[in-house]
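Trainee: Read top to bottom, the protein sequences are chains H and R. Per our numbering, residue 2 is the first one in the first sequence, and the count goes up by one each step. Per our numbering, residue 2 is the first one in the second sequence, and the count goes up by one each step. Glycine residues also receive a C-beta, built at the ideal position from the N, C-alpha and C atoms. Right, I'll just put the structure down here and ask away after.
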Amino acid sequence: MTQPKYTVTTTPHIRSSNSIERTMYFVIISLTPAVVSGVVFFGLRALLMMVISIASAVFFEAAYQKLTGKAITVKDGSAVITGLLLALVLPSGLPLWMPVIGAFAAIVLVKQLFGGLGHNFLNPALAGRAILMAAYALPMTTAFIAPRGADAVAQATPLMRLYDGDFVPELNDFIAAFLGNISGSVGETSALALLVGGIFLLVMKVITWHIPVAFIGSVLVMGVIFGGVANGLALYHVLTGGLILGAFFMATDYPTSPVTAMGKIVFGIGCGVITMVIRLFGGFPEGVAYAILLMNLTVPLIDRYIRPQVLGRRRKRVEK
Amino acid sequence: MPIAAMKRGVHPPDKKETALTPIRYFFPKNGAEMVYPMVQHIGAPCLPLVKIGDYVEVGQKIGDCDAMMSSPVHATVSGEVKDIREVITPTGRRCQAVVMENDGKYRDSTYCNVSIDYTQLSRNEILKHIRESGIVGMGGAGFPTHVKLNPPADKKIDTVIVNAAECEPYLTNDHRVMLEEPKRIMQGIDIILHLFPDARAIIAVEDNKRDAYELLSKMIESPRVSVMLMRTCYPQGAEKQIIQTCLNREVPSGGFPMDVGCIVQNVDTVIALHRAFHRGRPLMRKIMTIAGDAVNNPGNYKVRFGMSYRDIIEAIGGLKCEPYKIIIGGPMMGVSHYTFDIPVIKTSSAFLLFTEKESKVPPERACFRCGKCIEHCPVGLMPMELNKFAIAEHTDRFIEYHGLDCIECSCCSYICPAKRHLTQSITTTRRELLAKR
Chain H
2 MTQPKYTVTT TPHIRSSNSI ERTMYFVIIS LTPAVVSGVV FFGLRALLMM
52 VISIASAVFF EAAYQKLTGK AITVKDGSAV ITGLLLALVL PSGLPLWMPV
102 IGAFAAIVLV KQLFGGLGHN FLNPALAGRA ILMAAYALPM TTAFIAPRGA
152 DAVAQATPLM RLYDGDFVPE LNDFIAAFLG NISGSVGETS ALALLVGGIF
202 LLVMKVITWH IPVAFIGSVL VMGVIFGGVA NGLALYHVLT GGLILGAFFM
252 ATDYPTSPVT AMGKIVFGIG CGVITMVIRL FGGFPEGVAY AILLMNLTVP
302 LIDRYIRPQV LGRRRKRVEK
Chain R
2 MPIAAMKRGV HPPDKKETAL TPIRYFFPKN GAEMVYPMVQ HIGAPCLPLV
52 KIGDYVEVGQ KIGDCDAMMS SPVHATVSGE VKDIREVITP TGRRCQAVVM
102 ENDGKYRDST YCNVSIDYTQ LSRNEILKHI RESGIVGMGG AGFPTHVKLN
152 PPADKKIDTV IVNAAECEPY LTNDHRVMLE EPKRIMQGID IILHLFPDAR
202 AIIAVEDNKR DAYELLSKMI ESPRVSVMLM RTCYPQGAEK QIIQTCLNRE
252 VPSGGFPMDV GCIVQNVDTV IALHRAFHRG RPLMRKIMTI AGDAVNNPGN
302 YKVRFGMSYR DIIEAIGGLK CEPYKIIIGG PMMGVSHYTF DIPVIKTSSA
352 FLLFTEKESK VPPERACFRC GKCIEHCPVG LMPMELNKFA IAEHTDRFIE
402 YHGLDCIECS CCSYICPAKR HLTQSITTTR RELLAKR
């Protein structure tokens with residue numbers, strides 16, 4: 002009689018149903034309100050931009066992996082997210098071929114060359130946007146169109162108007178910014194849609210509250226310090242630009258954010274402070290993307306020095 | 002009253018359906034080979050007290066040694082000693098074992114069945130009787146109970162925690178014991194409290210066993226005993242974790258529960274104490290949850306030590322299909338084995354026979370730094386970093402990140418979306434480093 006063969010492994014003998022795919026698909030689901038808001042306010046052109054961006058991101062990922070003889074992992078959904086996020090942070094009136102360049106930069110230069118999923122140290126979508134910004138500064142800063150317009154009529158974003166200093170937001174400006182009926186990037190205008198998606202991510206435990214709360218909270222605090230409370234400027238800073246999109250969907254990107262709760266808070270505060278320094282004192286009206294990219298670079302340092310409290314080691318070694 | 006809850010940890014699906022059926026009992030087959038390894042506890046190995054050809058009775062001591070940190074082994078059947086040879090125990094260790102043939106007569110030794118009034122005994126006499134009864138921690142580690150109940154004089158014990166968390170999935174043996182033998186638990190607790198006149202006892206139960214919680218609450222007679230409900234969470238039944246949940250005290254790294262005035266005893270150990278004094282029985286049996294999709298009659302069974310797992314499966318009605326994995330212990334911390342031909346010992350808890358569907362591990366992928374392992378590590382470690390250090394053999398960094406404090410609970414591997422073998426790498430490196438010390 003031959004002995005049947007039983008599998009022998011170390012513990013644990015069961016695994017949770019959590020997986021990379023599950024995480025990615027939750028992120029995609031959470032972005033659908035933002036996708037809808039983009040189409041509602043910027044029309045089918047916005048949808049086309051998203052499709053082109055996603056398709057090129059997936060294509061570049063598959064092509065790179067094919068050429069380098071690696072396993073093709075586009076099914077895990079991460080390239081879809083990178084492509085989608087890239088489209089969401091691009092000006093709504095950008096020429097339709099530009100997202101292709103951005104997707105190439107994001108997927109090949111930022112993600113795959115450093116080892117693929119989990120090894121990139123910059124947020125791919127934001128890095129793609131930064132590269133487009135450097136290469137095509139004019140369209141990237143002017144191709145913003147008015148929401149719900151029949152034709153693509155150029156319109157400055159609220160932050161540009163604030164930056165130019167001739168604009169004091171009133172109540173209906175706040176409501177427009179909350180709903181998304183303002184000029185801006187494809188998916189960043191509707192605070193409402195983004196909050197719905199962000200709360201979904203929190204409820205599904207894909208992200209924790211630390212980064213969004215620290216990021217948005219520090220923007221609010223900076224806004225109050227430098228703008229006062231009465232005019233509500235701090236709140237307007239929260240509702241406009243890429244802040245909510247950045248705080249919930251970009252800064253929380255796993256590979257490029259700290260792993261500990263305390264580290265996430267430090268990271269979030271850093272993002273918020275840099276964002277406001279750029280917005281209030283810098284050369285650009287908007288600073289979320291650069292703030293996150295800069296803070297991405299500090300992540301290894303944060304993770305090196307901020308570690309969780311180990312049970313039973315609360316007191317420092319005094320005796321001995 | 003708000004329910005106490007542990008920090009971090011995970012909550013796998015309970016799979017505790019076996020809690021619904023009463024504990025069943027069976028005798029080893031007549032003529033069956035019974036194997037008694039000389040190491041069934043933490044501490045010095047026992048030496049056989051019998052020779053080949055000796056006739057041995059139930060409850061007779063067949064292995065012992067002089068060391069304090071040890072616990073004797075008793076025969077659980079009557080019959081002749083056939084062999085003394087090296088075997089593999091369920092913990093994967095090799096050691097000497099006394100091998101007997103069950104004659105089916107169950108002739109009790111004279112030592113057995115004499116009830117002892119512990120209130121008439123001195124502290125040392127009580128501890129000596131506990132040692133002679135071969136009682137060790139039944140939670141899985143097998144720490145000799147007479148040592149645990151005898152802390153140094155400078156360690157003042159104010160709380161005895163009776164650990165009935167049973168936080169591992171599938172396991173329901175403690176749950177059934179609480180439902181079926183609550184009176185014995187109370188009597189066992191009285192013995193411990195007799196040893197510690199200044200202490201109180203807390204029976205800590207997770208809230209997936211509310212029926213047991215309510216029953217025990219009704220049974221309490223002494224004002225020094227209470228029952229505490231904890232929110233179900235794994236690994237809440239680990240010693241340091243249950244102390245943290247129940248008392249909000251932190252056992253220092255490298256320290257023991259007694260350092261924070263605590264003693265933790267498993268609920269089945271408490272029953273063993275009851276049996277040793279009230280019924281004069283040494284530790285001879287174990288209540289074992291047998292479960293998994295590959296077995297015909299899952300449930301809880303009283304099993305005598307020394308039986309082989311092959312005989313147990315035969316006795317309870319065989320297998321439904323050939324299992325993919327056989328596990329001695331729970332699914333989170335149990336040891337998987339390649340054979341059924343190993344004996345039941347004091348520290349064997351559950352016996353799980355998993356099909357491929359239940360326990361197939363998906364392929365390992367790259368870490369994408371989601372931080373879930375850190376979020377859930379009950380000790381507060383960074384398993385993803387320790388995994389990197391373990392693979393790269395950066396032992397200095399491994400130690401710097403407190404990898405030696407790992408309790409091997411497997412939460413990190415369980416929760417990891419990339420299915421990385423975090424626990425495996427950390428445990429291996431940790432044990433290698435500890436062995437070198």
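CB Ile303 of chain H to CB Gly242 of chain H, shorter than 9 Å?
Mentor: Not in contact: Ile303 of chain H and Gly242 of chain H (Cβ atoms no closer than 9 Å).
Trainee: Please look up how many angstroms separate the CB atoms of Ala20 of chain R and Tyr171 of chain R, rounded, as I've assumed it's under 8 Å.
Mentor: Between Tyr171 of chain R and Ala20 of chain R the Cβ distance is about 10 Å, and since that is not below 8 Å, they are no contact.
Trainee: Chain R beta carbons: is any one of them nearer than 9 Å to that of Tyr26 of chain H?
Mentor: No, its Cβ sits nowhere closer than 9 Å to a Cβ of chain R.
Trainee: List the residues that DSSP assigns as beta-bridge partners of Ile329 of chain R.
Mentor: According to DSSP, Ile329 of chain R bridges with R:Val336 and R:Phe352.
Trainee: On a CA-only basis, which of H:Ser38, H:Ile30 and H:His120 is nearest Phe369 of chain R? Give me that one, please.
Mentor: Of the listed residues, the one whose Cα sits closest to Phe369 of chain R is H:His120.
Trainee: Taking the CB atoms as reference points, tell me whether Asn267 of chain R and Lys17 of chain R lie closer together than 9 Å.
Mentor: No, Cβ-Cβ distance for Asn267 of chain R and Lys17 of chain R is not below 9 Å.
Trainee: With a cut-off of 9 Å, does the C-beta of Arg370 of chain R fall near any C-beta of chain H?
Mentor: So yes, Arg370 of chain R belongs to the interface.
Trainee: Please work out which residues of its chain come closer than 7 Å, Cβ to Cβ, to Thr1 of chain H, disregarding the five sequence neighbours upstream and downstream, and give them in chain order.
Mentor: Because chain H is modelled from 2 through 321, residue 1 of chain H falls outside the range shown and cannot be assessed.
Trainee: Does the segment 335–354 of chain R come within contact of the segment 89–96 of chain R, defined as at least 3 CB pairs closer than 8 Å?
Mentor: Yes: at least three Cβ pairs fall under 8 Å.
Trainee: In chain order, which continuous runs of the alpha helix (DSSP H) of length 4 or greater are located wholly inside the segment 134–170 of chain H?
Mentor: You should have 138–143 and 159–165.
Trainee: In three-state DSSP terms, what is His130 of chain R?
Mentor: Here His130 of chain R sits in helix by DSSP.
Trainee: For Ala136 of chain H, count the other beta carbons within 10 Å of its own beta carbon; 16 or more makes it buried, fewer makes it exposed. Which is it?
Mentor: By the neighbour-count rule (16 or more Cβ atoms within 10 Å), Ala136 of chain H is not buried but exposed.
Trainee: Who are the near neighbours of Glu320 of chain H in its chain, counting only those whose CB is closer than 8 Å to its CB and skipping five residues on each side?
Mentor: Caution is warranted here: a pLDDT of 41 is assigned to Glu320 of chain H, below 50, making its placement in the model unreliable, and no coordinate value can be reported.
Trainee: Which full runs of the beta strand (DSSP E) of 3+ residues lie inside the segment 37–123 of chain H, going along the chain?
Mentor: Correct list: empty.
Trainee: Does the beta-carbon distance from Pro125 of chain H to Ala147 of chain H come in below 9 Å?
Mentor: Taking 9 Å as the Cβ cut-off, Pro125 of chain H and Ala147 of chain H do not qualify as a contacting pair.
Trainee: Met101 of chain R by DSSP, collapsed to three states: which one?
Mentor: Of the three classes helix, strand and coil, the one that applies to Met101 of chain R here is strand, per DSSP.
Trainee: Pick from R:Ile4, R:Met7 and R:Pro29: whose alpha carbon is nearest that of Phe306 of chain R?
Mentor: It is R:Pro29 whose Cα lies nearest to the Cα of Phe306 of chain R.
Trainee: Let me see if you follow: with CB-CB separation under 9 Å, is Gln113 of chain H close to chain R or not?
Mentor: Output row for Gln113 of chain H: interface = no.
Trainee: Touch check for the segment 378–387 of chain R and the segment 349–365 of chain R: three-plus C-beta pairs under 8 Å?
Mentor: These segments do not touch.
Trainee: Could you spell out where the alpha helix (DSSP H) holding Met231 of chain R opens and where it closes?
Mentor: That residue, Met231 of chain R, is in no alpha helix (DSSP H); its beta strand (DSSP E) goes Val226 to Met231.
Trainee: Which residue from R:Asn174, R:Val51, R:Lys83 and R:Glu315 puts its Cα closest to that of Cys66 of chain R?
Mentor: Of the candidates R:Asn174, R:Val51, R:Lys83 and R:Glu315, the one whose C-alpha sits nearest the C-alpha of Cys66 of chain R is R:Val51.
Trainee: Output the boundary residues of the beta strand (DSSP E) element that contains Ile162 of chain R.
Mentor: Taken as a continuous stretch (DSSP letters only), the beta strand (DSSP E) holding Ile162 of chain R covers Thr160 to Ala165.
Trainee: Look up Cys263 of chain R in the DSSP assignment and say whether it is helix, strand or coil.
Mentor: In the structure shown, Cys263 of chain R sits in a strand (DSSP, three-state: E or B).
Trainee: Cβ closer than 8 Å: which chain H residues qualify as neighbours of Tyr325 of chain R?
Mentor: Ordered by position in chain H, the residues that pass the 8 Å Cβ test against Tyr325 of chain R are Tyr7 and Thr8.
Trainee: Taking three-plus beta-carbon pairs below 8 Å as touching, is the segment 319–326 of chain R in contact with the segment 66–86 of chain R?
Mentor: The answer is no - the segment 66–86 of chain R does not touch the segment 319–326 of chain R, with fewer than three Cβ pairs under 8 Å.
Trainee: Do you know how far the Cα of Gly293 of chain R is from the Cα of Arg318 of chain H?
Mentor: Because the pLDDT of Arg318 of chain H is 47, which lies under 50, any placement of that residue in the model is unreliable, and the number read from its coordinates should be weighed accordingly. Using only the alpha carbons, I get a separation of about 46 Å.
Trainee: I'd like to know whether the C-beta of Ala436 of chain R is nearer than 9 Å to at least one C-beta of chain H.
Mentor: Chain H contact via Cβ: absent.
Trainee: Quick one: which chain H residues come within Cβ less than 7 Å of Ile343 of chain R?
Mentor: What Ile343 of chain R touches in chain H: nothing, since even the nearest Cβ is about 12 Å away.
Trainee: So if DSSP puts Gly300 of chain R in a beta bridge, which residue, or which two residues, is it bridged to?
Mentor: DSSP output for Gly300 of chain R lists R:Ile291 as bridge partner(s).
Trainee: Would you grab the beta carbon distance between Ile15 of chain H and Pro13 of chain R for me? Rounded to a whole angstrom, and I think it's under 8 Å.
Mentor: At roughly 6 Å, the Cβ-Cβ gap stays under 8 Å, so Ile15 of chain H and Pro13 of chain R are in contact.
Trainee: Thinking C-beta only, is Val265 of chain R closer than 9 Å to Ile243 of chain R?
Mentor: Yes, the pair counts as a contact, with Cβ atoms nearer than the cut-off.
Trainee: Here's the rule: buried if 16 or more other CB atoms are within 10 angstroms of the residue's CB, otherwise exposed. What is Glu22 of chain H?
Mentor: Glu22 of chain H comes out exposed.
Trainee: By a C-beta neighbour count over all protein chains shown, 10 Å radius and 16 as the cutoff for buried, is Leu236 of chain H buried or exposed?
Mentor: Buried, by the Cβ-count rule.
Trainee: Glu287 of chain H to Pro236 of chain R, Cα distance in whole Å?
Mentor: Looking at the two C-alpha atoms, the distance is approximately 47 Å.
Trainee: If we require 4 or more residues per run, which alpha helix (DSSP H) segments fall completely within the segment 218–269 of chain H?
Mentor: 234–240, all fully within the segment 218–269 of chain H.
Trainee: From which residue to which residue does the alpha helix (DSSP H) around Pro301 of chain H run?
Mentor: Unbroken alpha helix (DSSP H) run through Pro301 of chain H: Val289 to Tyr306.
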